[in-house]
Structures are given as structure tokens and as C-alpha cells.
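For the protein sequence lines, the chains are A and B, in the order given.
257 is the number that full-length UniProt numbering gives to position 257 of the first sequence; each next residue is one higher, with no gaps.
198 is the number that full-length UniProt numbering gives to position 198 of the second sequence; each next residue is one higher, with no gaps.
See below for the structure under consideration.
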Amino acid sequence: MTATEADTNLSVGQRATLLEVVDLSTTFRTERGMVHAVDGVTFTLDRGRTLGIVGESGSGKTVLSRSIMGLLSGKNVIRTGSVKYEGTEIIGYSAKQMSNVWGAEMSMVFQDPMTSLNPVMKIGKQITESLRRHLGVDKDEADKTAIALLKSVGIPAPEQRLGEYPHQLSGGMRQRVTISIALACGPKILFADEPTTALDVTVQAQILDLLDEQQRERHMAMILVTHDLGVVRTRADEIIVMYGGKVVEQAPTSTLFASMKMPYTEALLRSIPRLDMPSHTRLDAIPGRPPNLISPPAGCNFAARCRYVQPRCLEERPPLVAAADPGHFYRCFFPVGTPEGDAALQANISAGTAVAAPATRSSTTSEES
Amino acid sequence: MRFVRKKLVQLIVVMLCVTFFSFLLLELLPGDTATTLCAGAGGTECIEQKTEEFHLNDPMPVRYVRWLGGVVTGDFGSSARNAQPVSEALQQRMPVTIELLLYSQFLALIIAVPVGIIAAQRAGGLFDRGSTGVLFLFLAIPNFMLALVLILIFPVKLKLLNAVGYTPFTENPLKSLGSLLLPAITLAAAEMATYMRLLRTDLIATMQEDYITMAKAKGMSPRHILLRHAFKPSSFSLITVIGLNFGRLIGGTLLVEVIFSINGLGKYTVDGILGRDYIPVQGAILVIALGYVLVNFAVDMIYAALDPRIRHARSLV
């Protein structure tokens with residue numbers, strides 16, 4: 001794709017590039033045809049920085065994170081492009097080579113702590129086995145490290161927890177345990193795949209804050225996968241918005257929220273309930289469903305659900321183009337906040353195929369502080 | 001301990017039901033002990049005498065309660081044909097059947113478990129399909145035929161092992177295992193395919209779990225993941241079926257016992273039924289039912305040992 005970010009990296013000399021993903025695609029061979037789950041994703045991630053990957057279910061964000069880590073295996077998975085970790089290409093690595101990277105260099109916090117911990121294995125064992133595997137420490141030392149880890153993720157009475165099983169802990173506690181497992185060997189990149197989706201709302205902020213805190217302390221890079229733009233807004237340095245397996249908008253966080261170009265990003269933001277709206281305001285959901293990835297539509301993937309849609313969108317696939325701001329890319333013929341976009345929306349509203357935005361809303365958000 | 005007490009009550013109820021209904025079933029068989037014993041020899045005199053001796057004219061419930069009373073006080077009665085005490089006969093025959101049973105299940109598992117694990121690693125692969133085919137072939141062969149083929153190959157052609165007879169384990173363990181090898185193989189052959197497929201299917205399902213991906217993302221080796229993470233949670237169906245098979249085979253090894261002339265529990269039961277010798281049959285059924293219940297109790301305990309969630313749920317009951 002056209003997106004490269006070499007310019008943004010060069011501008012800050014001391015930043016060390018940790019991960020460089022170029023034109024990564026992941027295709028699944030299925031009985032019904034090829035599923036292009038991830039299509040041409042390019043980005044770089046520096047040490048200590050956070051990348052947010054945002055999209056709804058089926059947008060390919062989880063596949064993207066697993067594909068970067070090389071966790072998808074099997075002869076029906078086709079991965080092309082380049083993933084460079086600390087300058088070394090890891091796309092061709094065997095599972096055996098990757099197992100030295102997994103846990104030690106990159107690790108992952110999964111979505112649902114109810115299913116991501118082994119129900120028949122003691123928590124202590126689940127933490128220490130990777131310590132012993134990667135750091136070669138003995139049992140006593142691994143246990144000590146595990147206790148320190150559990151303490152650092154805010155679990156009370158950690159000594160006692162080592163001998164307990166996952167079902168004896170609450171959901172929030174379990175996610176803390178999976179975070180401590182992911183952090184155990186001091187990885188340089190942490191993938192957090194919707195780490196709070198399966199948790200109670202009251203615990204979500206705690207877990208996200210814990211991830212933030214650990215990231216700062218360890219100077220670790222993080223890839224935060226979520227469907228919630230609100231989550232990444234205050235936590236990510238850069239955001240990738242995915243739709244139908246493709247990057248539809250990519251920008252540094254402040255740029256994205258200041259001047260989003262992609263109608264899909266706007267629609268995602270509009271679908272978050274806001275406290276400053278009066279009660280009983282109808283939530284602005286995005287109508288329709290994500291596109292079929294086996295036979296994607298001829299034009300723009302989002303055209304069928306877009307308020308700005310024009311005939312051109314149905315016939316021609318928009319490329320990823322650079323916006324005025326550095327590092328900002330989008331995939332749209334009629335971008336939000338441009339004369340073309342406004343004209344397209346206006347035309348649709350007068351033709352009755354789109355509704356006007358609620359009065360208090362604007363595409364550039366008013367709640368930015 | 002409440003759990004154990006509950007199981008104990010269950011055990012007693014099951015034993016009462018099983019023995020009562022088996023008594024009832026035997027009652028429905030044409031012919032009785034006296035006529036069978038006197039067939040050919042004495043006339044009505046003999047029949048009358050035997051009827052008197054074994055209280056055959058008492059109503060069935062009375063005889064059942066009399067038998068039950070004996071059992072409770074440790075007296076299992078004696079055979080009507082040769083006066084051998086049932087407890088003595090059971091003591092002779094039970095070890096044979098139990099050894100044969102353990103031996104055959106051991107053989108079945110020692111093949112099925114590794115094959116299942118390897119097959120699960122590459123589901124749909126050449127090894128998976130090949131091993132499934134071979135094991136199903138063994139499943140499809142009737143066990144009396146397999147027994148005869150084995151006898152033809154080993155004792156007859158190769159002059160290896162004995163076709164018949166049994167050496168007690170306490171006498172010479174090695175020789176004992178040798179004497180039961182062919183019968184054990186015969187019994188194991190039919191179970192291998194089931195065990196292998198059960199383990200394979202559960203392993204494949206477990207390997208899709210998030211915690212397996214998580215273990216992979218920790219950098220654990222495929223071997224470690226398979227054996228340490230996936231095997232334990234995948235063994236439940238297998239253990240359940242092994243438990244049921246144990247119960248079934250305690251009395252179901254008859255065919256093999258007959259072909260290899262092994263005096264086990266199965267043969268004892270059938271001889272008793274054919275001779276209308278009810279007391280030994282009742283004793284054997286009691287032991288078989290007891291074995292069945294105890295094995296399933298053991299299976300329950302194994303579940304709890306394998307899965308802490310069951311353990312904790314139970315301690316709350």
C-alpha cells in the first residue's frame with residue numbers, strides 16, 4: 001500500500017523502531033473460498049509507544065494482531081508481506097523459532113479471561129512455566145517472580161493465589177493473572193486483544209489503567225485492539241481503523257480526532273453513547289453488516305453503510321491516500337470535512353438516503369480537551 | 001465425606017435392585033434346579049428330594065430374603081451341583097477375571113493413547129486416517145474369530161505361548177501375563193479404536209481452546225502444550241467409557257474365557273445359568289454389580305482429581 005511512515009520516524013531521531021509491518025496480508029483458505037481477513041496493513045511501532053487497532057467484529061483486527069505474532073498456523077493460512085522485529089524479518093520463522101519470540105519478546109493478553117486460562121492448571125504453574133522456559137530459572141526463583149508479578153498487577157495475597165485454580169478468581173482478577181503471565185518474561189511488545197470486552201464495566205477502566213501503568217514502568221510497546229474508539233483515544237499514540245480487513249484510516253491519535261477523514265471512523269465515534277446528550281437520545285448505530293470477505297464488493301467496502309456514498313464508491317475501490325497532516329492516511333473519495341465530502345452528504349440528505357447529523361454533533365469532536 | 005455417604009446409600013440401593021431383578025429373571029427360566037440335577041438319573045423321588053433340600057417350593061420372595069439374609073451375614077450359599085461354597089468359587093475366579101480385565105484395558109490404552117495423541121496433532125493427515133482405518137478393522141473383527149486366528153498363529157504355527165490354561169499371578173507373574181496375553185489382546189482389539197477416537201476428538205476440540213493459544217503465545221513447545229495443557233482436560237470422555245467398559249467386561253469376558261479355557265467369572269455365571277444353579281449365579285451377579293458401581297465411583301473420583309472445578313463444586317454440596 002501507499003502508506004509508509006519513514007518520515008515520521010526520522011523526525012524524532014532517538015526513537016527506536018521495534019516493529020515494522022509492511023503490506024501484511026492474511027488470507028484463509030476455506031471451503032467457500034479465500035477469506036481476505038487482513039489486506040495490506042503497514043505501520044511501524046516504536047519502543048514504549050501504543051498503537052490502537054479499532055474496528056467492529058469481523059473487521060480483521062484480531063486476525064491482524066495474531067498474524068503479526070505468527071500465532072495463526074496451518075496450511076490454510078496464507079501470510080504475505082513483511083514483519084520486522086528489531087530489524088529482523090520474522091515472517092519466515094518456523095514455529096520453533098517463533099517460540100523463542102513468543103512470551104519473551106512479544107506476548108498477548110486475550111479477550112476473555114474465562115477461557116484463556118487453563119481451568120485444570122494451578123495459577124502459579126501457568127505463570128512460572130514460561131519463566132522457566134525462557135529465563136531458565138529454578139522453581140523457587142520462578143515462584144518468587146510469580147508472587148512479585150501478581151503483586152504488581154494488584155492481586156491480594158499472591159502467595160496463596162499460586163496454589164489456586166482460575167475458577168476460584170473473579171473475571172477481573174483472572175484478567176490480572178493473564179496480564180501477569182503476559183508480562184512475566186519482560187516482553188518488548190504487548191498485544192492486548194480486546195482485554196476488557198469480557199469484563200464488567202466497573203473493572204474495565206482498572207484493567208486498562210493497569211496495562212498503562214505496566215507499559216510505562218517497563219517501557220514496553222503495546223498494540224491495543226479494541227472496538228471502542230473511546231478506549232484508545234486517551235491511551236494510544238497512533239490509531240489504525242480497520243474495516244473489512246483493510247486499513248481505512250490511520251493517523252496519530254490527536255490528528256485522527258482533530259480531522260478524521262473516513263466516514264466509517266466518524267460513524268464509529270457517533271455510535272458511542274455520550275453523557276452530555278439528553279436522556280433517551282437514540283444511539284447512532286451503523287446500519288447493516290460488515291462486508292462478506294470471501295467476495296468483497298466491487299467498490300468501497302463501506303459503501304453499503306455509508307452516509308456519504310456516491311455512485312463512484314460502488315464501482316471503484318478507493319486507495320489509501322495521504323492527508324495533509326503527516327502520518328495521516330485514509331481510504332475515501334469523499335472524505336469527511338472536505339468540500340467533496342460535505343457535498344456528497346448534502347446530496348444524500350436532500351435525496352432522503354441519509355439523515356442529517358444531530359445538532360450537537362460535529363464530525364470534529366467537541367469533547368476533546 | 002457427605003459425598004461418600006451419598007454414594008454408599010446409592011450402592012446399597014443398586015445392589016438390592018440388581019439382585020432382586022436377577023432373582024426374578026432366573027425364576028422366569030423354564031426348568032428348575034431339581035429337574036436339571038435329576039435329569040437322566042432319578043425319577044420323581046429324586047426331584048422331590050432335591051426340591052425339599054433346596055427349599056424350591058418356597059415362594060420366590062421368601063427364597064430371595066433367605067439368600068439376602070445369608071449374604072448379609074457373609075454366607076453366599078453353595079452350588080447345588082457340586083456343593084462348592086460360592087464364596088470359595090468367587091475367590092478362585094475373581095482374580096482371573098480382574099487380571100484379564102486390567103491387562104486387556106492396559107493393552108488397549110497403551111496403543112490407543114499414543115496413537116490418539118499423534119493423530120490429533122495432524123487431524124485428517126495420513127497417520128490419522130491410516131491409524132483410524134487399522135483400528136476400526138480390529139473393531140470390526142468378531143472377537144471369537146480374532147481369538148481363533150491368534151491361537152492359530154501363535155501356539156499352533158509359531159509354537160509360542162499356550163492356547164489354553166492360566167497361571168495365577170501370585171504364582172509366577174511373568175508366566176501369568178504370558179498365559180493371558182492372547183485373551184487380553186482379543187479383548188483389547190475391540191476397545192482400541194473407541195479409545196483412540198475418543199481421545200483424538202477431545203484433544204482436537206481442546207486444541208481450539210483459548211488457553212491453548214495462550215500457552216502457545218507464552219512460547220511453550222507443542223509437545224508441552226499437548227501433554228501438559230491439553231491432555232488432562234481431554235481425557236474425560238475416555239475415562240467415562242473405560243469405566244463403563246470395566247463394568248461391562250467384569251461379566252462379559254465369557255466368550256474369550258470359553259475359547260481360551262480360562263475359569264473366570266463369566267464362565268462361572270453361564271455354567272450356573274445352564275445348570276439352573278441359581279445361588280452361584282446370584283453370587284456372581286452381586287460381585288459384578290458391585291464391581292460396576294465401584295468402578296464408576298472410582299471414575300467419579302478420577303474426575304475430581306483431574307478437574308478442580310468438580311472438586312470444589314462437590315465440597316460445596
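Note that the Cβ used here is the ideal one computed from N, Cα and C, for glycine as well.
Legend entry - Minimum Cβ-Cβ distance from Arg309(B) to chain A less than 8 Å: Mapped onto the second sequence, residue 309(B) falls at position 309. Cβ-Cβ to chain A under 8 Å: yes for Arg309(B).
Inset, instruction - Return yes when the Cβ of Cys332(A) is within less than 8 Å of the Cβ of Lys261(A), no when it is not. - result: To locate residue 261(A), count along the first sequence from 1; it is residue 261. To locate residue 332(A), count along the first sequence from 1; it is residue 332. Contact: yes.
Inset, instruction - Go ahead and pull the three-state DSSP assignment for Ser362(A). - result: Counting from one through the first sequence, the residue named residue 362(A) turns up at place 362. Below a pLDDT of 50, predicted positions are generally treated as unreliable, and Ser362(A), at 42, falls in that range; the measurement from the model is reported next regardless. Correct three-state label for Ser362(A): coil.
Legend entry - Three-state class that DSSP yields for Pro155(B) in the structure shown: Numbered from its first residue, the second sequence carries residue 155(B) at position 155. Collapsing the DSSP output to three states places Pro155(B) in a helix.
Legend entry - The beta strand (DSSP E) enclosing Pro252(A), as first and last residue numbers: Taking the first residue of the first sequence as 1, we reach residue 252(A) at position 252. First-last of the beta strand (DSSP E) with Pro252(A): 246–252.
Inset, instruction - Report yes or no: is there a C-beta of chain B within less than 8 Å of the C-beta of Arg176(A)? - result: For this step, residue 176(A) is matched to residue 176 along the first sequence. No, because no Cβ of chain B sits closer than 8 Å to the Cβ of Arg176(A).
Legend entry - Cβ-based neighbour list, Asn57(B), same chain, cut-off 7 Å, excluding 5 preceding and 5 following: Your numbering for residue 57(B) matches position 57 in the second sequence. Once the five neighbours on either side are set aside, the close Cβ partners of Asn57(B) are Thr51.
Inset, instruction - Please classify Ala215(B): is it buried, with 16 or more other beta-carbons within 10 angstroms of its beta-carbon, or exposed? - result: Start at 1 with the first residue of the second sequence, and residue 215(B) comes out as number 215. Label assigned to Ala215(B): buried.
Inset, instruction - Just the C-alpha distance for Trp67(B) and Leu306(B), rounded to the nearest angstrom, thanks. - result: To locate residue 67(B), count along the second sequence from 1; it is residue 67. To locate residue 306(B), count along the second sequence from 1; it is residue 306. The straight-line gap from Cα to Cα measures roughly 41 Å.
Inset, instruction - Verify whether the separation of the beta carbon atoms of Thr26(A) and Asp210(B) is less than 8 Å. - result: As a working mapping, residue 26(A) is identified with position 26 in the first sequence. As a working mapping, residue 210(B) is identified with position 210 in the second sequence. No; because the gap between Cβ atoms is not below 8 Å, this pair is not in contact.
Inset, instruction - Examine the Cβ distances between the region 161–170 of chain A and the region 97–104 of chain A and report whether three or more of them are shorter than 8 Å. - result: no
Legend entry - Touching by the beta-carbon criterion (3+ pairs, under 8 Å), the region 189–197 of chain A and the region 144–160 of chain A: no
Legend entry - Proximal residues of chain A, C-beta to C-beta of Leu306(B) below 8 Å: Here the question's residue 306(B) lines up with position 306 in the second sequence. Here the neighbours are Val120.
Inset, instruction - Taking a Cβ distance cut-off of 8 Å, strictly less, list which residues of the region 222–235 of chain B are near chain A, in chain order. - result: Pro222, His224, Arg228, His229, Lys232, Pro233
Legend entry - C-alpha gap between Phe297(B) and Tyr195(B), whole angstroms: Counting from 1 along the second sequence, the entry for residue 297(B) is found at position 297. Counting from 1 along the second sequence, the entry for residue 195(B) is found at position 195. For Phe297(B) and Tyr195(B), the distance between alpha carbons rounds to 20 Å.
Inset, instruction - Mark Ser104(B) as exposed unless 16 or more other C-beta atoms lie within 10 angstroms of its C-beta, in which case mark it buried. - result: Here residue 104(B) refers to the residue found at position 104 when the second sequence is read from its first residue. With 16 or more other Cβ atoms within 10 Å, it is buried.
Inset, instruction - Go ahead and pull the three-state DSSP assignment for Asp23(A). - result: The sequence position of residue 23(A) within the first sequence is 23, counting from 1. Three-state DSSP puts Asp23(A) in a strand.
Inset, instruction - Please classify Gly70(A): is it buried, with 16 or more other beta-carbons within 10 angstroms of its beta-carbon, or exposed? - result: In the first sequence, counting from the first residue as 1, residue 70(A) sits at position 70. Residue environment analysis places Gly70(A) among the buried positions, since at least 16 neighbouring C-beta atoms fall within 10 angstroms of its C-beta.
Inset, instruction - Confirm, please, whether the CB-CB distance from Phe334(A) to Ala322(A) is below 8 Å. - result: Here residue 322(A) corresponds to residue number 322 of the first sequence, with the count starting at 1. Here residue 334(A) corresponds to residue number 334 of the first sequence, with the count starting at 1. The Cβ-Cβ distance between Ala322(A) and Phe334(A) does not fall below 8 Å.
Inset, instruction - List the endpoints of the continuous beta strand (DSSP E) containing Asp193(A). - result: Stepping through the first sequence from its first residue, residue 193(A) is reached at position 193. DSSP places Asp193(A) inside the beta strand (DSSP E), whose first and last residues are 189–193.
Legend entry - Beta-carbon spacing of Ala37(A), Val63(A) below 8 Å: The residue labelled residue 37(A) in the question sits at position 37 within the first sequence. The residue labelled residue 63(A) in the question sits at position 63 within the first sequence. Contact: yes.
Inset, instruction - Just confirm the distance between the C-beta atoms of Ser65(A) and Ile223(A), as a whole number of angstroms; I'd bet it's less than 8 Å. - result: Here residue 65(A) refers to the residue found at position 65 of the first sequence. Here residue 223(A) refers to the residue found at position 223 of the first sequence. That belief holds up - the Cβ atoms of Ser65(A) and Ile223(A) are roughly 6 Å apart, short of 8 Å.
Inset, instruction - Please list, in chain order, all residues of the same chain as Asp228(A) whose beta carbon is under 6 Å from its beta carbon, the five residues on each side excluded. - result: As a working note, residue 228(A) is residue 228 in the first sequence. Closer than 6 Å at Cβ, skipping near neighbours: no residue.
Legend entry - Continuous alpha helix (DSSP H) stretch holding Lys232(B): start and end: To locate residue 232(B), count along the second sequence from 1; it is residue 232. Lys232(B) -> alpha helix (DSSP H) spans 231–234.
Legend entry - Interface partners of Met220(B) on chain A, CB under 9 Å: Here residue 220(B) is taken as the residue at index 220 of the second sequence, counted from 1. Within chain A, the residues near Met220(B) are Ser99, Trp102, Gly103, Glu129, Ser130, Arg133.
Inset, instruction - For Ser107(A), decide whether its Cβ has a neighbour in chain B, counting only Cβ atoms nearer than 8 Å. - result: Position 107 of the first sequence, counted from the first residue, corresponds to residue 107(A). Yes - at least one Cβ of chain B is within 8 Å of the one on Ser107(A).
Inset, instruction - Compare the C-beta of Ser116(A) with all C-beta atoms of chain B and state if any pair is closer than 8 Å. - result: Position 116 of the first sequence, counting from 1, holds the residue named residue 116(A). Yes - at least one Cβ of chain B is within 8 Å of the one on Ser116(A).
Inset, instruction - Quick one: measure Cβ to Cβ for Val256(B) and Thr186(B), integer angstroms, because I've assumed they're closer than 8 Å. - result: Translated into the one-based positions of the second sequence, residue 256(B) becomes position 256. Translated into the one-based positions of the second sequence, residue 186(B) becomes position 186. Indeed they touch by this definition, with Cβ atoms about 5 Å apart.
Legend entry - Thr281(A) in three-state terms, based on DSSP: The count along the first sequence starts at 1 and reaches residue 281(A) at position 281. Assignment of Thr281(A) by DSSP, reduced to helix, strand and coil, places it in the coil class.
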